[in-house]
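The sequence shown lines up with residues 0 to 204 when you count with numbering that gives the first Met the number 0.
Think of the CB as a built atom: it goes at the ideal place given N, C-alpha and C, for glycine as much as any other residue.
Note that the coordinates shown come from a computational prediction; the quantities given were computed from them, not determined experimentally.
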Amino acid sequence: MALLTEHEQRQVAEAIARVEKTTDAELVTVLAARADDYAYIPLLWASLIALVVPGVVHYLSGYLTMYTLLLAQWATFIVLCLVFRLPKVTTRLIPRSVRHWRASNLARRQFLEQNLHHTVGSTGVLIFVSEAERYVEILVDNGISTRLDDSSWDAIVKAFTQQVKQGQTLAGFISCIEACGELLKVHVPMTQARNELPNRLVVLE
């Protein structure tokens, strides 16, 4: 999975700089390759299939000896472990609710780690994307949530999520930042020039 190039990251930073000229909000963008390595998932699925499938074959056909059955189970387990470790395969094995739960947890950790809760006037805005999970979330601090309802971001998140699914992550970031800017300049207009947090895109590989 290819994250954004340095040139593309600069385009994101420039979009943030443009928006912050019209609002007191402090925008931070985070792009994660994945929210978790889900190391236990391939092992779990490989174990279950290796135990069940050779056993069912033996039960139905009676062809396998106990020694052959054991070898078949081990071989199945090893092969499936290797196959299920492929990122695209691993993601498909994980329930959507689990993937989104892990991505949401990472987004909240990033909100704190990027110091978005320490801005003047509590005007931090996090635009978070996890590519493997196809997950997008916008988190805002109290200074913005008191002026804009959470539902204000729903359409922006939905549009960005669709772009991430289509592999248009850069275009999604630019569109999302600009759409957020349109809301923020109306509801959280600039009162004084400041730039408390870096405008760069934070990339978690």
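What is the DSSP secondary structure of residue 166, reduced to helix, strand or coil?
-> As a first step, residue 166 is located in the sequence shown; it is residue number 167 there, counting from the start. Three-state DSSP puts residue 166 in coil, outside helix and strand.
Evaluate residue 198 with the Cβ neighbour count: other Cβ atoms within 10 Å of its Cβ, from every protein chain shown; 16 or more gives buried, anything less gives exposed.
-> Your numbering for residue 198 matches position 199 in the sequence shown. Residue 198 should be labelled buried.
The segment 89 to 103 in contact with the segment 129 to 148 per 3-pair CB rule at 8 Å = yes
When you compare only the Cα positions, how much space is there between residue 142 and residue 120?
-> Residue mapping note: residue 142 aligns to position 143 of the sequence shown, counting from 1. Residue mapping note: residue 120 aligns to position 121 of the sequence shown, counting from 1. Near 6 Å, if we compare the C-alpha coordinates of residue 120 and residue 142.
Rounded distance between the beta-carbons of residue 113 and residue 105, thought under 8 Å | Locating residue 105 in the sequence shown gives position 106, counting from the first residue. Locating residue 113 in the sequence shown gives position 114, counting from the first residue. No, residue 105 and residue 113 are not in contact; Cβ-Cβ is about 12 Å, not under 8 Å.
Any idea what DSSP makes of residue 123, helix, strand or coil?
-> Stepping through the sequence shown from its first residue, residue 123 is reached at position 124. Residue 123 falls in the strand class under three-state DSSP.
Residues that residue 134 bridges to, as DSSP identifies them | Here residue 134 refers to the residue found at position 135 when the sequence shown is read from its first residue. Beta-bridge pairing links residue 134 to 129.
Can you tell which of 49, 139 and 165 has its C-alpha closest to the C-alpha of residue 153?
-> For the purposes of this step, residue 153 is identified with residue 154 of the sequence shown, where counting begins at 1. The candidate whose alpha carbon is nearest that of residue 153 is 139.
Whole-Å CB distance - residue 53 paired with residue 89, under 8 Å assumed | Counting from 1 along the sequence shown, the entry for residue 53 is found at position 54. Counting from 1 along the sequence shown, the entry for residue 89 is found at position 90. About 23 Å separates the two Cβ atoms, so there is no contact after all.
Have a look at residue 128 and residue 173 and give me their C-alpha separation to the nearest angstrom.
-> Here residue 128 refers to the residue found at position 129 when the sequence shown is read from its first residue. Here residue 173 refers to the residue found at position 174 when the sequence shown is read from its first residue. Cα-Cα distance, rounded: 13 Å.
heavy atom of the ligand PLP below 7 Å from residue 70 C-beta | Inclusion of the ligand PLP in the displayed structure is not the case, the ligand content being empty and no account of it being possible.
Spatially closest choice to residue 70 from 55, 49 and 35, by CA coordinates = For the purposes of this step, residue 70 is taken as the residue at position 71 of the sequence shown. Relative to the Cα of residue 70, the nearest Cα in the group 55, 49 and 35 belongs to 49.
Please classify residue 0: does DSSP put it in a helix, a strand, or coil?
-> As a working mapping, residue 0 is identified with position 1 in the sequence shown. With a pLDDT of only 45 at residue 0, under 50, the local geometry of the prediction cannot be trusted, and the value read off the model is given with reservation. In the three-state DSSP reduction, residue 0 falls in the coil class, being neither helix nor strand.
CB-CB under 7 Å to residue 0, same chain, minus the five flanking residues each way: which ones, in chain order?
-> Here residue 0 corresponds to residue number 1 of the sequence shown, with the count starting at 1. Residue confidence is low: residue 0 scores 45 on pLDDT, short of 50, so the model does not pin down where it sits. Its coordinate-derived value is still stated next. Closer than 7 Å at Cβ, skipping near neighbours: 32, 86, 130 and 131.
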